[in-house]
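S.K.: Residue numbers (the working numbering): 640 to 734. Backbone N, C-alpha and C define an ideal beta-carbon position, used for all residues, glycine too.
1. Taking residue 702 and residue 713 to be in contact with their CB atoms under 8 Å, please state how far apart those CB atoms are, rounded to whole angstroms.
2. Who are the near neighbours of residue 721 in its chain, counting only those whose CB is closer than 7 Å to its CB and skipping five residues on each side?
3. Alpha carbon to alpha carbon, how far is residue 688 from residue 680? Give it in angstroms, no decimals.
4. Mind checking who residue 706 pairs with in its DSSP beta bridge?
5. Among the candidates 658, 693, 674 and 724, whose CA atom is the shortest distance from the CA of residue 705?
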(Lines of atoms letter the chains of each structure in order from A and count residues from 1; the text may use other names and numbers.)
(Lines give C-alpha, C1' and ligand atoms only; values in the text may rest on other atoms or scores of the structure.)
Protein backbone atom coordinates (compact mmCIF):
# COMPACT_ATOMS: atom_id res chain seq x y z
CA UNK A 1 0.00 0.00 0.00
CA UNK A 2 1.57 3.29 -1.10
CA UNK A 3 1.27 6.75 0.39
CA UNK A 4 -1.48 7.77 -2.01
CA UNK A 5 -3.53 4.68 -1.20
CA UNK A 6 -3.55 5.28 2.54
CA UNK A 7 -4.45 8.96 2.05
CA UNK A 8 -7.22 7.97 -0.29
CA UNK A 9 -8.61 5.55 2.24
CA UNK A 10 -8.61 8.18 4.96
CA UNK A 11 -10.34 10.68 2.76
CA UNK A 12 -13.04 8.25 1.81
CA UNK A 13 -13.84 7.60 5.45
CA UNK A 14 -13.82 11.08 6.97
CA UNK A 15 -13.75 13.45 4.03
CA UNK A 16 -10.35 14.85 5.07
CA UNK A 17 -7.28 13.68 6.90
CA UNK A 18 -8.06 16.02 9.81
CA UNK A 19 -11.61 14.69 10.05
CA UNK A 20 -10.44 11.10 10.11
CA UNK A 21 -7.86 11.94 12.75
CA UNK A 22 -10.59 13.49 14.92
CA UNK A 23 -12.78 10.43 14.39
CA UNK A 24 -9.94 8.15 15.50
CA UNK A 25 -9.37 10.24 18.63
CA UNK A 26 -13.09 10.19 19.44
CA UNK A 27 -13.14 6.42 18.96
CA UNK A 28 -10.23 6.00 21.35
CA UNK A 29 -11.65 8.37 23.96
CA UNK A 30 -15.18 6.91 23.96
CA UNK A 31 -13.95 3.37 24.57
CA UNK A 32 -12.38 4.31 27.89
CA UNK A 33 -14.91 3.19 30.49
CA UNK A 34 -12.19 1.17 32.20
CA UNK A 35 -9.88 4.16 32.02
CA UNK A 36 -12.44 6.32 33.81
CA UNK A 37 -12.73 3.77 36.60
CA UNK A 38 -8.95 3.66 36.96
CA UNK A 39 -8.69 7.46 37.08
CA UNK A 40 -11.41 7.63 39.74
CA UNK A 41 -9.65 4.94 41.77
CA UNK A 42 -6.29 6.69 41.57
CA UNK A 43 -7.90 10.01 42.53
CA UNK A 44 -9.54 8.40 45.56
CA UNK A 45 -6.23 6.94 46.71
CA UNK A 46 -4.48 10.30 46.29
CA UNK A 47 -7.18 12.12 48.26
CA UNK A 48 -7.07 9.53 51.03
CA UNK A 49 -3.29 9.83 51.19
CA UNK A 50 -3.45 13.61 51.41
CA UNK A 51 -6.04 13.43 54.18
CA UNK A 52 -3.91 11.00 56.19
CA UNK A 53 -0.78 13.12 55.63
CA UNK A 54 -2.66 16.24 56.75
CA UNK A 55 -3.89 14.54 59.90
CA UNK A 56 -0.45 13.25 60.81
CA UNK A 57 1.15 16.65 60.12
CA UNK A 58 -1.32 18.49 62.37
CA UNK A 59 -0.55 16.09 65.22
CA UNK A 60 3.18 16.82 64.93
CA UNK A 61 2.79 20.60 64.78
CA UNK A 62 2.81 20.91 68.59
CA UNK A 63 6.56 21.57 68.45
CA UNK A 64 7.46 24.89 70.02
CA UNK A 65 8.63 27.71 67.81
CA UNK A 66 10.74 30.74 68.67
CA UNK A 67 11.89 33.92 66.99
CA UNK A 68 15.20 33.28 65.27
CA UNK A 69 17.95 35.30 66.96
CA UNK A 70 19.57 37.74 64.55
CA UNK A 71 16.98 37.29 61.82
CA UNK A 72 14.03 39.67 61.83
CA UNK A 73 10.68 37.97 61.33
CA UNK A 74 11.96 34.41 61.01
CA UNK A 75 10.72 31.57 63.21
CA UNK A 76 12.62 28.37 63.99
CA UNK A 77 11.92 25.26 66.03
CA UNK A 78 13.10 25.72 69.59
CA UNK A 79 14.40 22.15 69.96
CA UNK A 80 16.66 22.59 66.91
CA UNK A 81 18.17 25.77 68.33
CA UNK A 82 18.58 24.38 71.84
CA UNK A 83 20.29 21.25 70.57
CA UNK A 84 23.25 23.23 69.17
CA UNK A 85 23.02 27.04 69.42
CA UNK A 86 26.68 27.55 68.46
CA UNK A 87 26.14 25.96 65.02
CA UNK A 88 23.08 28.17 64.50
CA UNK A 89 25.14 31.33 65.08
CA UNK A 90 28.05 29.97 63.01
CA UNK A 91 25.68 29.34 60.07
CA UNK A 92 24.08 32.75 60.58
CA UNK A 93 27.45 34.51 60.24
CA UNK A 94 28.29 32.60 57.04
CA UNK A 95 25.36 34.14 55.20
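M.R.: Let me spell this out:
1. Contact doesn't hold; Cβ gap of about 16 Å is too wide.
2. none
3. 12 Å
4. 714
5. 724
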